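Visitor: In mature numbering (1 follows the signal peptide of the UniProt record, and there is no 0), the protein residues as written are -20 to -1, 1 to 582.
Every residue gets a Cβ at the ideal spot worked out from N, C-alpha and C, and that includes glycine.
Quantities reported herein were computed from a predicted structural model and do not represent experimental measurements.
Take this structure, written in structure tokens, and hold onto it; I'll ask about it next.
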Amino acid sequence: MKRFFIIVILFFTCSAKLFAQNNDLLLARQYAQNGDTQKALDIYLKLYKQDNDAFYQQYLNALLSAKKFDDAEAITKKMVRKHPASYEYTIALGTIYTQQGNTDKADAIYTDLIKNLPAEQNEIASIASQFYQNANVDYAVKIFQQGRKILHNDALFSFELINLYRYKRDKNGLTEEYLNFLPANQPFLGQAESMLASVYEGPQDYDILKFALLKRIQKDPQQLIYVNLLTWQYLQQKDFAQALNQALALSRRQNDDGSNIYELCTTLNTNEAYDEAIRGYEYIIAKGKDNPNYVSAKIELINTKNLKVTSGKYTQADLLGLEQDYLNLLNEFGRNRSTVFAMQKLANLQAFKLHKLKDAQTLLESAVAIADVRPNLLAACKMDLGDIYLLNNQPWDATLTYSQVELGNPNTTVGQEAFLRNAKLAYYTGDFNLSRRQLDVLKAATTQLIANDALNLSLLISDNLAIDSAGSALKMYARADLLIFAEQTDKAILTLDSIGKKYPGNALAADVLMAKTKILIQQKQYTDAVVLLKQIADNYPDNLWADDAVFMLGDLYETKLNNPALAQTFYQKIITDYPGSLWLNDARKRFRLLRGDKNEAS
């Protein structure tokens, strides 16, 4: 019983002491926050005297904050003598000298510590961690490097060193560490690429990687991970030809099925490196029909040629050659549910580039009649068929086809797009009141692009009918708009130029400029398009096309004319001058990205 009372008394005594110490700590912190440094130091000193080990760090931090370096040195040396096997106090002593400005003394302590490191992996990691916690990353790195030497193992501490080099933004160190690490840890290649991309800041940094890789490949040509990383490096530098060359060399060495080349070609297409993608697909096709990637490569080869032809300037011979490629594909693989996508692309080529409307219509009519076609692809084919009916002067067939898609895809973007095409059909054929009623429904569309198109076209009709209830000038403009859609640009320009002559004083001046702008963009004449867009923005700032013109200027300068500074100016103009614009959110995001914000959504 007596022993129980002694334990109870000790417990309450210790609890009371701990409670008092906690109160003292809170009071000291309050004094420090209020700027009463000496009172805070007095309390920390009292606590330190009660328990050196428990309150050393708080007292040291207070002394360093007050720049009382002599006192900090004295108590730390005392702790070093008390705990000679603990590196914590030795590192703290070096920190004091560093803050005091005596870096030579600090370096001498650290150098001695490194020379006498224990040959024990966990303890080395602990010492390096203490340096890191004291904001001394350089010596944390040196500890790990010395640890490797002592333990005779260059593979140790790779993760730790990678993180430290990244923290320091030491590009050379990070590069070399990853190149040492990856051969035995190949699944981490993706992580390495992501981390290097986050640290590298330009071509010179990627050159560090390139030269290091070339040196290692020369020494160890069988290490394929280096070749993969070199291919990635060329892609980052947009040296697409070299990226493909490296990948092809690796594929030939391994004598594989070209799957990696196929994936690379997808990336090349995304970057508009069409010539290189074509070369890659041709390499796969040359492996023969038994290759598992043969069919896919043959299809993608033609799609890539399509992208190359239609994205740049092309000749009639280019278009006819591409048409023949599609026909050869359909002859080889047949016209079935697996090749409907090719039938759709060929029909679009024939309708809009070669103006073979009857051939395109026949082809798409047969495509939509094929059973078990994927619903989304079938809907796309039907909408394209509706467009071709419209161009073939078969408006009833066109509206019926659009309506089938709309009814078959209720409350979806596809259904709304079909409804918009029906509204445009009414506009093209001069039934403006019907078109406006349909467009007013679409103003609430879930897709911003559809809502924006519907709003602009509805306002165009309303504004012009208010001036001319017969809509004579608007009918002429709608015909020009249809010719632009059909890519009959010469006829479209003649029609647009005739509007002002036939109907002087009409309200379509800004609309005509925007229509001509769309033609120029279609023809890749971006500099000329900018001239017309600036006329709209400057001369018609209150027109419904004004905010579109300003946003398009930003987009052209950013994506086509390589002038991010000017692009930023026009995105800023949307934000300040057109706060009600449907382009506001896009303009804000792009402006922040160009400004270099880390979080463009902030």
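Are the beta-carbon atoms belonging to Val289 and Leu300 less than 7 Å from one another?
Guide: For this step, residue 289 is matched to residue 309 along the sequence shown. For this step, residue 300 is matched to residue 320 along the sequence shown. Cβ atoms of Val289 and Leu300: not closer than 7 Å.
Visitor: Using DSSP with H/G/I as helix, E/B as strand and the rest coil, what is Thr70?
Guide: Position 90 of the sequence shown, counted from the start, is the residue given in the question as residue 70. Three-state DSSP puts Thr70 in a helix.
Visitor: Whether or not the stretch 385 to 398 and the stretch 344 to 363 are in contact is what I'm after, with contact meaning three or more pairs of Cβ atoms, one per stretch, closer than 8 Å; do they touch?
Guide: Touching, yes.
Visitor: Are the Cβ atoms of Thr381 and Leu365 separated by less than 7 Å?
Guide: The sequence position of residue 381 within the sequence shown is 401, counting from 1. The sequence position of residue 365 within the sequence shown is 385, counting from 1. Contact flag set, yes.
Visitor: Please classify Lys338 as buried or exposed, where buried requires at least 16 other C-beta atoms within 10 Å of its C-beta.
Guide: Sequence index remark: in the sequence shown, residue 338 carries index 358 (1-based). Lys338 should be labelled exposed.
Visitor: Which value, in whole angstroms, describes the spacing of the CA atoms of Asn133 and Ala105?
Guide: Translated into positions along the sequence shown, residue 133 becomes position 153. Translated into positions along the sequence shown, residue 105 becomes position 125. Their Cα atoms are separated by approximately 14 Å.
Visitor: Should the stretch 461 to 474 be called in touch with the stretch 418 to 432, which here means at least 3 C-beta pairs below 8 Å?
Guide: These segments do not touch.
Visitor: Would you give the residue range spanned by the alpha helix (DSSP H) that Ala466 belongs to?
Guide: One-based indexing of the sequence shown puts residue 466 at position 486. Segment: none, Ala466 is in no alpha helix (DSSP H) and carries neither H nor E.
Visitor: Just to confirm the assignment: which complete alpha helix (DSSP H) runs, minimum length 4, are found wholly within the stretch 223 to 303?
Guide: The stretch 223 to 303 contains these whole alpha helix (DSSP H) runs: 239 to 250, 254 to 265 and 274 to 291.
Visitor: According to DSSP, is Gly560 part of a helix, a strand, or is it coil?
Guide: Numbered from 1 along the sequence shown, position 580 holds the residue referred to as residue 560. It is coil, neither helix nor strand.
Visitor: By Cβ distance, which residues of its chain are closer than 7 Å to Ala340, with the 5 residues on each side in sequence left out?
Guide: Here residue 340 is taken as the residue at index 360 of the sequence shown, counted from 1. Answer for Ala340: Ala327, Gln330, Ala331 and Ile368, listed in chain order.
Visitor: Check whether the stretch 541 to 549 touches the stretch 524 to 532, taking contact to mean three or more Cβ pairs, one atom from each stretch, closer than 8 Å.
Guide: With a cut-off of 8 Å, the stretch 524 to 532 and the stretch 541 to 549 do not count as touching, because too few Cβ pairs lie within range.
Visitor: Cβ of Tyr558 versus every heavy atom of the ligand SAM: is any distance shorter than 6 Å?
Guide: In the structure shown, the ligand SAM is absent, as is every other ligand, since no ligand is present at all.
Visitor: Under the three-state reduction of DSSP, which class applies to Asn143: helix, strand or coil?
Guide: Position 163 of the sequence shown, counted from the start, is the residue given in the question as residue 143. Three-state result, Asn143: helix.
Visitor: Please report the distance separating the alpha-carbon of Lys482 from that of Gly410.
Guide: As a position in the sequence shown, residue 482 is number 502, starting the count at 1. As a position in the sequence shown, residue 410 is number 430, starting the count at 1. For Lys482 and Gly410, the distance between alpha carbons rounds to 18 Å.
Visitor: May I have the straight-line CA-CA distance separating Ala227 from Asn208, to the nearest angstrom?
Guide: Indexing the sequence shown from 1 puts residue 227 at position 247. Indexing the sequence shown from 1 puts residue 208 at position 228. If I take the Cα positions, the gap works out to 7 Å.
Visitor: Taking Lys455 as the reference, which of Asp470, Phe412, Ala489 and Asn432 has the closest Cα?
Guide: If you number the sequence shown from 1, residue 455 lands on position 475. Closest option to Lys455, Cα to Cα, is Phe412.
Visitor: By DSSP, does Leu524 sit in helix, in strand, or in coil?
Guide: Here the question's residue 524 lines up with position 544 in the sequence shown. The answer is coil: DSSP assigns Leu524 none of H, G, I, E or B.
Visitor: Could you tell me the alpha carbon to alpha carbon distance between Asn103 and Tyr206, rounded to whole angstroms?
Guide: For the purposes of this step, residue 103 is identified with residue 123 of the sequence shown, where counting begins at 1. For the purposes of this step, residue 206 is identified with residue 226 of the sequence shown, where counting begins at 1. It should be pointed out that residue 103 corresponds to Glu in this sequence rather than to Asn. Answer to the nearest angstrom: the Cα atoms are 33 Å apart.
Visitor: What's the C-alpha gap between Asp185 and Asn519?
Guide: In the sequence shown, counting from the first residue as 1, residue 185 sits at position 205. In the sequence shown, counting from the first residue as 1, residue 519 sits at position 539. Their Cα atoms are separated by approximately 46 Å.
Visitor: Mind checking which residues open and close the alpha helix (DSSP H) that includes Lys218?
Guide: Position 238 of the sequence shown, counted from the start, is the residue given in the question as residue 218. Run containing Lys218: none; DSSP gives neither H nor E here.
Visitor: Less than 7 Å separating the beta-carbons of Leu562 and Asn436?
Guide: Position 582 of the sequence shown, counting from 1, holds the residue named residue 562. Position 456 of the sequence shown, counting from 1, holds the residue named residue 436. Against a cut-off of 7 Å, the Cβ pair of Asn436 and Leu562 comes out as no contact.
Visitor: Looking only at its own chain, which residues have a Cβ that is under 6 Å from the Cβ of Tyr558, when we skip the five neighbours before and after it?
Guide: Here residue 558 refers to the residue found at position 578 when the sequence shown is read from its first residue. The residues are Asp527.
Visitor: CB-CB under 7 Å to Asp433, same chain, minus the five flanking residues each way: which ones, in chain order?
Guide: Taking the first residue of the sequence shown as position 1, residue 433 is located at position 453. Around Asp433: Leu400.
Visitor: Whole angstroms are fine: how far does the CA of Ala42 sit from the CA of Pro64?
Guide: Numbered from 1 along the sequence shown, position 84 holds the residue referred to as residue 64. Numbered from 1 along the sequence shown, position 62 holds the residue referred to as residue 42. One C-alpha to the other measures close to 24 Å.
Visitor: Tell me, please, whether the stretch 273 to 280 touches the stretch 232 to 250 by the rule of three or more beta-carbon pairs shorter than 8 Å.
Guide: Touching, yes.
Visitor: Going straight from the alpha carbon of residue 583 to that of Gln217, what length do you get?
Guide: For the chain, the structure presents residues -20 to 582; residue 583 sits outside this window and is missing.
Visitor: Can you tell me the Cα-Cα spacing of Leu574 and Asp522, whole angstroms?
Guide: The count along the sequence shown starts at 1 and reaches residue 574 at position 594. The count along the sequence shown starts at 1 and reaches residue 522 at position 542. So the alpha carbons of these two residues sit roughly 27 Å apart.
Visitor: When you compare only the Cα positions, how much space is there between Gln234 and Asn240?
Guide: Locating residue 234 in the sequence shown gives position 254, where the first residue counts as 1. Locating residue 240 in the sequence shown gives position 260, where the first residue counts as 1. Near 11 Å, if we compare the C-alpha coordinates of Asn240 and Gln234.
Visitor: Could you round the C-beta distance between Ala500 and Leu488 to whole angstroms and report it? I think they count as a contact, below 8 Å.
Guide: Position 520 of the sequence shown, counted from the first residue, corresponds to residue 500. Position 508 of the sequence shown, counted from the first residue, corresponds to residue 488. Just to set this straight, residue 500 is Leu in the shown sequence, not Ala. The pair is not a contact, with the Cβ atoms about 18 Å apart (cut-off 8 Å).
Visitor: Is it buried or exposed, Phe124, if we count other Cβ atoms within 10 angstroms and call 16 or more buried?
Guide: In the sequence shown, the residue the question calls residue 124 occupies position 144. With 16 or more other Cβ atoms within 10 Å, it is buried.
Visitor: Does Arg570 come out as helix, strand or coil in the three-state DSSP assignment?
Guide: Position 590 of the sequence shown holds residue 570. Arg570: helix per DSSP, three-state reduction.
Visitor: Quick one: Cα of Pro390 to Cα of Gln418, how far?
Guide: Looking up residue 390 in the sequence shown gives position 410. Looking up residue 418 in the sequence shown gives position 438. The alpha-carbon atoms of Pro390 and Gln418 are separated by roughly 15 Å.
Visitor: Verify whether the separation of the beta carbon atoms of Arg570 and Ile555 is less than 7 Å.
Guide: Within the sequence shown, residue 570 is the residue found at index 590, counting from 1. Within the sequence shown, residue 555 is the residue found at index 575, counting from 1. Contact flag unset, no.
Visitor: For Asp237 versus Pro272, is the C-beta spacing smaller than 7 Å?
Guide: The residue you call residue 237 lines up with position 257 of the sequence shown. The residue you call residue 272 lines up with position 292 of the sequence shown. Yes, the Cβ-Cβ distance between Asp237 and Pro272 is below 7 Å.
Visitor: Helix, strand or coil: which one does DSSP assign to Phe137?
Guide: Locating residue 137 in the sequence shown gives position 157, where the first residue counts as 1. If DSSP states are grouped into helix, strand and coil, Phe137 belongs with coil.
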